[in-house]
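**Student:** For the sequence shown, the working numbering puts the final residue at 447, and the numbers step up evenly by one. Cβ atoms here follow ideal geometry from the backbone N, Cα and C, with glycine treated the same way.
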Amino acid sequence: MTRKESAFMSVNQRLDSKQPPKSLLICGGHVIDPANGVDGPADVFIRDGKIAAVAPKLKEKAERTIEAKGLIVAPGFIDLHVHLREPGQAYKETIATGTAAAAKGGFTSVCAMPNTQPVNDSVETTRWMQSPERGALVNVFPIAAATLGSQGEKLTDFYALREAGAVAVSDDGRPILDDQIMREALEAAKRTGFPVIQHAEDTRVTAGTQMNYGAVSLRLGLRGMPAEAEAAIVRRDIELARKTGAHIHVAHISTAAAVEEVRRGKREGVRVSCEVTPHHFSLTEEAVAGYDTRYKMNPPLRSQEDREAMLMALEDGTIDAIATDHAPHAHHEKMVEFDRAAFDITGLETALGLGISELHEKRGIPLQRVVELLTANPGRILSLGGRGQLSAGAPADVTIFDPKRKWTFDWKESRSKSKNTPFGGWKLTGKAMVSIVGGRLVYEAAK
Ligand SMILES: [Zn+2]
Numbered sequence: 001m002t003r004k005e006s007a008f009m010s011v012n013q014r015l016d017s018k019q020p021p022k023s024l025l026i027c028g029g030h031v032i033d034p035a036n037g038v039d040g041p042a043d044v045f046i047r048d049g050k051i052a053a054v055a056p057k058l059k060e061k062a063e064r065t066i067e068a069k070g071l072i073v074a075p076g077f078i079d080l081h082v083h084l085r086e087p088g089q090a091y092k093e094t095i096a097t098g099t100a101a102a103a104k105g106g107f108t109s110v111c112a113m114p115n116t117q118p119v120n121d122s123v124e125t126t127r128w129m130q131s132p133e134r135g136a137l138v139n140v141f142p143i144a145a146a147t148l149g150s151q152g153e154k155l156t157d158f159y160a161l162r163e164a165g166a167v168a169v170s171d172d173g174r175p176i177l178d179d180q181i182m183r184e185a186l187e188a189a190k191r192t193g194f195p196v197i198q199h200a201e202d203t204r205v206t207a208g209t210q211m212n213y214g215a216v217s218l219r220l221g222l223r224g225m226p227a228e229a230e231a232a233i234v235r236r237d238i239e240l241a242r243k244t245g246a247h248i249h250v251a252h253i254s255t256a257a258a259v260e261e262v263r264r265g266k267r268e269g270v271r272v273s274c275e276v277t278p279h280h281f282s283l284t285e286e287a288v289a290g291y292d293t294r295y296k297m298n299p300p301l302r303s304q305e306d307r308e309a310m311l312m313a314l315e316d317g318t319i320d321a322i323a324t325d326h327a328p329h330a331h332h333e334k335m336v337e338f339d340r341a342a343f344d345i346t347g348l349e350t351a352l353g354l355g356i357s358e359l360h361e362k363r364g365i366p367l368q369r370v371v372e373l374l375t376a377n378p379g380r381i382l383s384l385g386g387r388g389q390l391s392a393g394a395p396a397d398v399t400i401f402d403p404k405r406k407w408t409f410d411w412k413e414s415r416s417k418s419k420n421t422p423f424g425g426w427k428l429t430g431k432a433m434v435s436i437v438g439g440r441l442v443y444e445a446a447k
C-alpha cells in the first residue's frame, strides 16, 4: 500500500468509526422523489438508518438537522456501471478511492463491473469486494461475470453469486457473441431474477478500431467502429429476450440505430432496458480530432446525429438510466499514442453537473426526469433493497444537491486515484452538497 492509499484508508476508517446520528432531519428543501411522485417542498426525517417520514414542516426532534433551503433533496443516486479496479488493479483505483469519488458526485450506490483481476466470476471475489475491510464509503453492489473468466464459454453459478450479493451478470467489455450461450445466460438469469447486462459490440468486426466509423475517422486515418456493430448485438439480444422472457439491459448505449431497436423492443413488450453515459450525451466524435486520448472511449464518441438520438431517447423514456461507466486508468496508460491508449474515462464526479447542464439547462429536460434517471429507474432495473426512492422504511440513502450552483471541475481535486477525464476546466451547473448512506453522512461539500 502506498502512503497516499493509507491516508485514504485512515480517512475512511475515521468516517466508519463515527457513529451515525440516531435521527436526522433534512428541513426546508425541495424533495424530488420520482418513484413516489413527490416534487415539492418537504422535510425528510431519518431514524436508525431508515427513511421515517417525508412531509412538509415535520415537527420531529432530531439529533442532527441539515438545512436544505434552496436545495433539492433526492433519493441517493445509483450508478449501474462503474469499474472499481479491485481486486487486481489497485494502481488505477481501489474500492475506497472509487467510492470516495462516488460520494463526492452524489452517488450512494455503485454497481461494480466484474472485469477485475481475477475476473469476478466467483462467490469468493463477490464477497471480498463487499467486505468492510475494502473501506467503501457508499454501497457497493457487485455485478458478477456471466461466464467463467468472461471467456464466453461456460456460465457461472448465478444462484450462488446472487446469494453472495451479486445483483446482475455481465461480461462487460467482452460481449457474449455466441447465440446459444447468450440464450442460456438469459434463461438462467430469468430463473435467478437477474438481468443480463450486455456491452453490445460485435467484436468480430471491431478488432483494432480506435473511434467511431465515419467521415471523422477517415479524415484522421483511425480505424473506425461501425454503429452497426452495436445495433446488431442489441437486435440479437432483444430477440433472445423476447423468446426467453428474460430481462436484457443494454450497457452504455451510444448509437441511434441501437436506441431504435430498444424503442421497438419496449413497444412490443420485451423486457429491455438501457443506460447512457454522460459523455455520450455531451460529446461527439469531433472531440477526437486532436488525437487527445482523453476522448478515446468504448463505445466511441459518436456522430452528432447519434448524440441527438440519445437526447431524444432521454426525453421520451426509451433510455432508462444515466450510468457513468467510470473507468479509471493510470497516467502511463492514457498518455501514449492514440492507438496504444486505454479506452474510457472517469465519471463519478461530473455526472450530475453534466446531467443538469446538458439535459436540464440546455435541453429543457425537467429536473424531475434527470433525478429519475439517477434514482428511481436504476433502482427498478436492479433489485437494490428498496433503494432509489424515499419510501418510509427504505434505507436512508439521500443526495442533497444544488441545482443552480455554477462550478468548474478541477481534475486535480478528484477523489479518484486516476485523472483520465476530458471534463477538467468545464463550467458546470449543479453540484452534490451532501451524500447520506444508511443515515450516515459520507460527503459534505464546503459551503
Ligand atoms: Zn462496456
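If I'm right that Leu148 touches Lys154 with Cβ under 8 Å, what's the distance once you round it to whole angstroms?
**Tutor:** As a working mapping, residue 148 is identified with position 148 in the sequence shown. As a working mapping, residue 154 is identified with position 154 in the sequence shown. Contact flag correct, Cβ pair sits at about 5 Å.
**Student:** Is Phe401 helix, strand or coil when you go by DSSP?
**Tutor:** If you number the sequence shown from 1, residue 401 lands on position 401. Three-state DSSP puts Phe401 in a strand.
**Student:** Note down, in chain order, each residue of its chain lying with its Cβ closer than 6 Å to the Cβ of Gly386, except the 5 sequence neighbours on either side.
**Tutor:** As a position in the sequence shown, residue 386 is number 386, starting the count at 1. The residues are Ala394.
**Student:** Select from Val336, Lys406, Glu268, Ala396 the residue whose C-alpha is nearest the C-alpha of Ser357.
**Tutor:** Locating residue 357 in the sequence shown gives position 357, counting from the first residue. Out of Val336, Lys406, Glu268, Ala396, Lys406 has the C-alpha closest to the C-alpha of Ser357.
**Student:** If you measure from the CB of Gly173, is any heavy atom of ligand 1 nearer than 8 Å?
**Tutor:** Here the question's residue 173 lines up with position 173 in the sequence shown. Indeed, a heavy atom of ligand 1 lies less than 8 Å from the Cβ.
**Student:** Check Val196 in the structure and name its three-state DSSP category.
**Tutor:** Position 196 of the sequence shown, counted from the start, is the residue given in the question as residue 196. Of the three classes helix, strand and coil, the one that applies to Val196 here is strand, per DSSP.
**Student:** Among Lys190, Ala241, Pro34, Leu390, which one has its Cα closest to the Cα of Gly439?
**Tutor:** Position 439 of the sequence shown holds residue 439. Closest by alpha carbon: Leu390.
**Student:** Could you pull out every residue in the same chain whose Cβ sits closer than 6 Å to the Cβ of Ser150, ignoring the five residues on either side in sequence?
**Tutor:** Numbered from 1 along the sequence shown, position 150 holds the residue referred to as residue 150. Result list for Ser150: Val119, Asp171, Arg174, in chain order.
**Student:** Judging by CA-CA distance, which residue of Thr192, Pro403, Ile197 is the nearest neighbour of Ile176?
**Tutor:** What you label residue 176 is simply residue 176 of the sequence shown in a count that begins at 1. Here the closest residue by C-alpha is Ile197.
**Student:** So is the beta-carbon of Ala251 under 8 Å away from any non-hydrogen atom of ligand 1?
**Tutor:** Along the sequence shown, one-based indexing puts residue 251 at 251. True, at least one ligand heavy atom lies under 8 Å from that Cβ.
**Student:** Taking only the alpha-carbon atoms, compute the straight-line gap between Arg307 and Leu240 and give it to the nearest angstrom.
**Tutor:** For the purposes of this step, residue 307 is identified with residue 307 of the sequence shown, where counting begins at 1. For the purposes of this step, residue 240 is identified with residue 240 of the sequence shown, where counting begins at 1. Their backbone Cα atoms lie some 27 Å apart in a straight line.
**Student:** Determine the direct distance from the alpha carbon of Glu163 to that of Arg183, and round the result to whole angstroms.
**Tutor:** Stepping through the sequence shown from its first residue, residue 183 is reached at position 183. Stepping through the sequence shown from its first residue, residue 163 is reached at position 163. Their Cα atoms are separated by approximately 22 Å.
**Student:** With DSSP as the reference, label Ala185 as helix, strand or coil.
**Tutor:** Your numbering for residue 185 matches position 185 in the sequence shown. Helix.
**Student:** Got a sec, what are the start and stop residues for the alpha helix (DSSP H) Ser217 sits in?
**Tutor:** Taking the first residue of the sequence shown as 1, we reach residue 217 at position 217. It spans 215-220 - the alpha helix (DSSP H) in which Ser217 sits, taken as one unbroken run.
**Student:** Please tell me whether, using a cut-off of 8 Å, the distance from the CB of Asn298 to the nearest non-hydrogen atom of ligand 1 is below it.
**Tutor:** Translated into the one-based positions of the sequence shown, residue 298 becomes position 298. Result yes, Cβ under 8 Å from ligand 1.
**Student:** Find out if the Cβ-Cβ distance for the pair His247, Val276 is shorter than 9 Å.
**Tutor:** Residue numbering aside, residue 247 sits at position 247 when the sequence shown is read from its first letter. Residue numbering aside, residue 276 sits at position 276 when the sequence shown is read from its first letter. Not closer than 9 Å, so no.
**Student:** Answer yes or no: the CB of Asp325 versus the heavy atoms of ligand 1, is any distance below 8 Å?
**Tutor:** The count along the sequence shown starts at 1 and reaches residue 325 at position 325. Yes, since a heavy atom of ligand 1 falls inside the 8 Å radius drawn around the Cβ of Asp325.
**Student:** Are Ala185 and Ala146 touching if we call contact CB-CB under 9 Å?
**Tutor:** Start at 1 with the first residue of the sequence shown, and residue 185 comes out as number 185. Start at 1 with the first residue of the sequence shown, and residue 146 comes out as number 146. It is a contact, given that the beta carbons lie within the stated cut-off.
**Student:** Does the beta-carbon distance from Val44 to Leu25 come in below 9 Å?
**Tutor:** For the purposes of this step, residue 44 is identified with residue 44 of the sequence shown, where counting begins at 1. For the purposes of this step, residue 25 is identified with residue 25 of the sequence shown, where counting begins at 1. Contact: yes.
**Student:** Looking at C-alpha atoms only, which residue of Lys417, Leu374, Gln89, Ser418 is the closest neighbour of Val398?
**Tutor:** Mapped onto the sequence shown, residue 398 falls at position 398. Checked all of Lys417, Leu374, Gln89, Ser418; the closest Cα to Val398 is Leu374.
**Student:** Using a 10 Å radius around the Cβ and a threshold of 16 neighbouring Cβ atoms, would you call Gly347 buried or exposed?
**Tutor:** Along the sequence shown, one-based indexing puts residue 347 at 347. Buried, by the Cβ-count rule.
**Student:** Taking only runs that begin and end inside the stretch 131-181, name each unbroken alpha helix (DSSP H) of 4 or more residues, in chain order.
**Tutor:** DSSP runs (the alpha helix (DSSP H)) wholly in the stretch 131-181: 158-163.
**Student:** Can you grab the Cα-Cα spacing for the pair Arg3 / Arg134, in whole Å?
**Tutor:** The sequence position of residue 3 within the sequence shown is 3, counting from 1. The sequence position of residue 134 within the sequence shown is 134, counting from 1. Because the pLDDT at Arg3 is just 43, under 50, the model does not fix this residue reliably, and the value given afterwards should be weighed accordingly. Distance between the alpha carbons of Arg3 and Arg134: 16 Å.
**Student:** In the DSSP assignment, the beta strand (DSSP E) including His247 goes from what residue to what residue?
**Tutor:** As a position in the sequence shown, residue 247 is number 247, starting the count at 1. Its beta strand (DSSP E) spans residues 247-250.
**Student:** Just to confirm, is the Cβ distance from Pro21 to Arg64 under 9 Å?
**Tutor:** Stepping through the sequence shown from its first residue, residue 21 is reached at position 21. Stepping through the sequence shown from its first residue, residue 64 is reached at position 64. Yes, the pair counts as a contact, with Cβ atoms nearer than the cut-off.
**Student:** Any chance the stretch 408-418 sits against the stretch 83-103, with 3 or more Cβ pairs inside 8 Å?
**Tutor:** These segments touch.
**Student:** What do you reckon, is the C-beta of His279 under 8 Å from a heavy atom of ligand 1?
**Tutor:** One-based indexing of the sequence shown puts residue 279 at position 279. Result no, Cβ not under 8 Å from ligand 1.
**Student:** Taking the alpha carbon of Val140 as the reference point, which residue from Gly105, Ile78, Ala200 has its own alpha carbon closest?
**Tutor:** As a first step, residue 140 is located in the sequence shown; it is residue number 140 there, counting from the start. Looking at the Cα atoms, Ile78 is the closest of the given residues.
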